[in-house]
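K.L.:
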Amino acid sequence: MSVKKLIINADDFGISSPVNRAVVKGWAEGILTSASLMVTGEAFLEATEFARQNPALQVGLHLTLVKGRSAIRHEGFPSLTDPLGNFPEDPVFAGMRMFFLKPLQKQLEREIEAQIVRFLETGLPLSHIDGHLNIHMHPAVFDILCRLMPKYGINSFRLSQENFWSELSISTGRAIGKAVDAFIFSSLARRCLPHLQRRRISFASEVKGLLNSGKITEEYLLKLLGTLRDGTTEIYLHPAESDSQELPGYRKKDELEALLSEKVRELIRSKDISLCNYRGEVKDV
265 MSVKKLIINA
275 DDFGISSPVN
285 RAVVKGWAEG
295 ILTSASLMVT
305 GEAFLEATEF
315 ARQNPALQVG
325 LHLTLVKGRS
335 AIRHEGFPSL
345 TDPLGNFPED
355 PVFAGMRMFF
365 LKPLQKQLER
375 EIEAQIVRFL
385 ETGLPLSHID
395 GHLNIHMHPA
405 VFDILCRLMP
415 KYGINSFRLS
425 QENFWSELSI
435 STGRAIGKAV
445 DAFIFSSLAR
455 RCLPHLQRRR
465 ISFASEVKGL
475 LNSGKITEEY
485 LLKLLGTLRD
495 GTTEIYLHPA
505 ESDSQELPGY
515 RKKDELEALL
525 SEKVRELIRS
535 KDISLCNYRG
545 EVKDV
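The number in our numbering is simply the position in the sequence shown, starting from 1, with 264 added.
1. Pick from L474, T297, D276: whose alpha carbon is nearest that of L524?
2. Counting C-beta neighbours from all protein chains within 10 Å, is the total for A320 16 or more, i.e. buried, or is it exposed?
3. V267 by DSSP, collapsed to three states: which one?
4. With DSSP as the reference, label R462 as helix, strand or coil.
5. Report the three-state DSSP secondary structure of A443 (helix, strand or coil).
6. Touch check for the region 447-467 and the region 499-506: three-plus C-beta pairs under 8 Å?
7. With 16 as the cutoff for other CB atoms within 10 Å, does K442 come out buried or exposed?
8. When the Cα atoms are used, what is the spatial distance from I271 to Y542?
9. Say whether the region 310-319 touches the region 344-351, bearing in mind that this needs 3 or more beta-carbon pairs closer than 8 Å, one atom from each stretch.
10. Quick one: which unbroken beta strand (DSSP E) runs of 3-plus residues sit fully inside the region 309-366? Chain order, please.
11. Taking contact to mean 3 or more Cβ pairs, one atom from each stretch, closer than 8 Å, check whether the region 444-460 and the region 479-488 are in contact.
12. Could you give the uninterrupted runs of the alpha helix (DSSP H) lying entirely in the region 466-533, keeping only those of 4 residues or more?
13. Who are the Cβ neighbours of Q371 in its own chain at under 6 Å, not counting the five residues just before and after it?
14. Can you give me the C-alpha to C-alpha distance between E375 and S506, rounded to a whole angstrom?
15. Compare the C-alpha of M413 against each of S430, P403, I465, K366 and name the closest.
16. Can we say the region 298-306 touches the region 526-539, given the rule of at least three CB pairs closer than 8 Å?
17. Quick check: what's the CA-CA separation for A286 versus L309?
18. Looking only at its own chain, which residues have a Cβ that is under 7 Å from the Cβ of H392, when we skip the five neighbours before and after it?
19. Going straight from the alpha carbon of L475 to that of R333, what length do you get?
20. Cβ atoms of A311 and F357: under 7 Å apart, would you say?
21. Measure how close the beta-carbons of A404 and F363 come, nearest whole angstrom, since I'm counting them as under 8 Å.
22. Check K547 in the structure and name its three-state DSSP category.
23. Whole angstroms is fine: what's the gap from V549's alpha carbon to Y514's?
24. Quick one: is D354 buried, meaning 16 or more other Cβ sit within 10 Å of its Cβ, or exposed?
25. Could you work out which residue in A522, F383, L388 is closest to A504 when comparing CA atoms only?
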């Protein structure tokens with residue numbers, strides 16, 4: 265049996281119809297094994313219907329607390345959202361507010377729980393939890409999740425951390441930015457790790473896509489597969505049938521093509537890599 269297991273996840277399921285169609289295509293015709301659902305996305309209802317039609321596609325919650333809309337109304341000052349229910353666009357600004365504005369903590373917990381409940385109300389099994397722009401790793405958010413995950417039976421989590429030197433061997437672009445991101449998320453991961461272990465919440469040993477987010481092309485993916493270590497690795501992408509302004513600079517069409525690539529499929533077979541999801545269910549290549 266292969267000792268290299270690979271979860272291939274699509275983020276932003278439910279944000280738009282082009283993304284939803286790409287997720288289903290990547291699952292039905294490509295190497296995609298799971299997806300993360302934005303329960304406040306504009307195409308959320310369509311995504312849930314697609315998921316029901318493809319029950320073997322495992323779906324998790326893509327917690328959204330930045331660059332998106334809230335699940336419930338937040339009033340008062342300070343507020344987690346603007347008057348229209350929109351979260352801040354800047355993840356750094358949003359993170360600073362969550363950390364330093366203590367009055368937001370109750371709103372934050374209500375919002376996170378509301379998104380979990382909205383997902384569960386779909387009737388879909390909740391495979392795992394992660395976050396839009398990895399906001400789920402933020403200390404204030406993670407501490408709330410530590411209380412809510414056991415309450416709702418959530419037992420898989422994306423522990424976002426990626427080896428900087430391994431990434432640099434594939435792509436040398438944005439080296440300083442990648443080094444900063446790698447340091448920040450490795451520090452956050454070290455903080456999260458004992459809490460996850462104590463609660464017996466599973467996670468992949470490494471997450472790819474963090475340092476080169478939105479640019480997982482066929483060429484890049486072919487190189488990345490050669491760097492996989494033993495154990496379970498997650499690669500997350502943002503496929504779509506068309507590029508959009510939701511995340512400027514993301515090569516969403518190219519990422520979909522990478523999921524459908526026969527070259528990638530052949531390399532996975534040749535390296536005896538086992539495609540799976542967070543529940544450990546294996547997908548044929």
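The beta carbon of each residue, even a glycine, is placed where N, CA and C say it ideally should be.
P.N.:
With the given structure in hand:
1. Here residue 524 refers to the residue found at position 260 of the sequence shown. Nearest to L524 by alpha-carbon distance, out of L474, T297, D276, is T297.
2. Taking the sequence shown and counting its residues from 1, the one referred to as residue 320 is at position 56. Burial check for A320: the Cβ neighbour count within 10 Å stays below 16, so the residue is exposed.
3. Counting from one through the sequence shown, the residue named residue 267 turns up at place 3. V267 falls in the coil class under three-state DSSP.
4. Walking along the sequence shown from the start, residue 462 turns up at place 198. Three-state DSSP puts R462 in a helix.
5. As a position in the sequence shown, residue 443 is number 179, starting the count at 1. In the three-state reduction of the DSSP assignment, A443 falls in the helix class, which pools H, G and I.
6. With the cut-off at 8 Å, the region 447-467 and the region 499-506 do not touch.
7. By one-based count along the sequence shown, residue 442 stands at place 178. A residue is called buried when at least 16 other Cβ atoms come within 10 angstroms of its Cβ; K442 meets this threshold and is buried.
8. Reading the sequence shown from its first residue, position 7 is the one you call residue 271. Reading the sequence shown from its first residue, position 278 is the one you call residue 542. Cα-Cα distance, rounded: 7 Å.
9. They do not touch, by the three-pair rule.
10. Taking only runs of at least 3 residues, the beta strand (DSSP E) segments lying wholly in the region 309-366 are 322-327.
11. Contact fails: fewer than three Cβ-Cβ distances are below 8 Å.
12. Look at the region 466-533 and you find these whole runs of alpha helix (DSSP H), each 4 residues long or longer: 482-489, 516-524.
13. Numbered from 1 along the sequence shown, position 107 holds the residue referred to as residue 371. These residues qualify, in order along the chain: H338, L344.
14. As a position in the sequence shown, residue 375 is number 111, starting the count at 1. As a position in the sequence shown, residue 506 is number 242, starting the count at 1. Computed Cα separation, rounded: 30 Å.
15. Stepping through the sequence shown from its first residue, residue 413 is reached at position 149. Nearest of S430, P403, I465, K366 to M413, Cα basis: I465.
16. No, they do not touch.
17. Counting from one through the sequence shown, the residue named residue 286 turns up at place 22. Counting from one through the sequence shown, the residue named residue 309 turns up at place 45. The straight-line gap from Cα to Cα measures roughly 16 Å.
18. Numbered from 1 along the sequence shown, position 128 holds the residue referred to as residue 392. Within the same chain, and ignoring the five residues on either side of H392 in sequence, the residues whose Cβ sits closer than 7 Å to its Cβ are G324, S420, F421, R422, Y542.
19. As a first step, residue 475 is located in the sequence shown; it is residue number 211 there, counting from the start. As a first step, residue 333 is located in the sequence shown; it is residue number 69 there, counting from the start. Their backbone Cα atoms lie some 25 Å apart in a straight line.
20. Here residue 357 refers to the residue found at position 93 of the sequence shown. Here residue 311 refers to the residue found at position 47 of the sequence shown. Cβ distance not < 7 Å, so F357 and A311 don't count as in contact.
21. As a first step, residue 404 must be located in the sequence shown, where it is residue number 140. As a first step, residue 363 must be located in the sequence shown, where it is residue number 99. A404 to F363, Cβ: 6 Å. Contact.
22. Stepping through the sequence shown from its first residue, residue 547 is reached at position 283. Strand, per DSSP.
23. In the sequence shown, counting from the first residue as 1, residue 549 sits at position 285. In the sequence shown, counting from the first residue as 1, residue 514 sits at position 250. Between V549 and Y514, the C-alpha separation is close to 26 Å.
24. Here residue 354 corresponds to residue number 90 of the sequence shown, with the count starting at 1. Per the 10 Å Cβ criterion, exposed.
25. For this step, residue 504 is matched to residue 240 along the sequence shown. Comparing Cα-Cα distances from A504 to each of A522, F383, L388, the minimum goes to A522.
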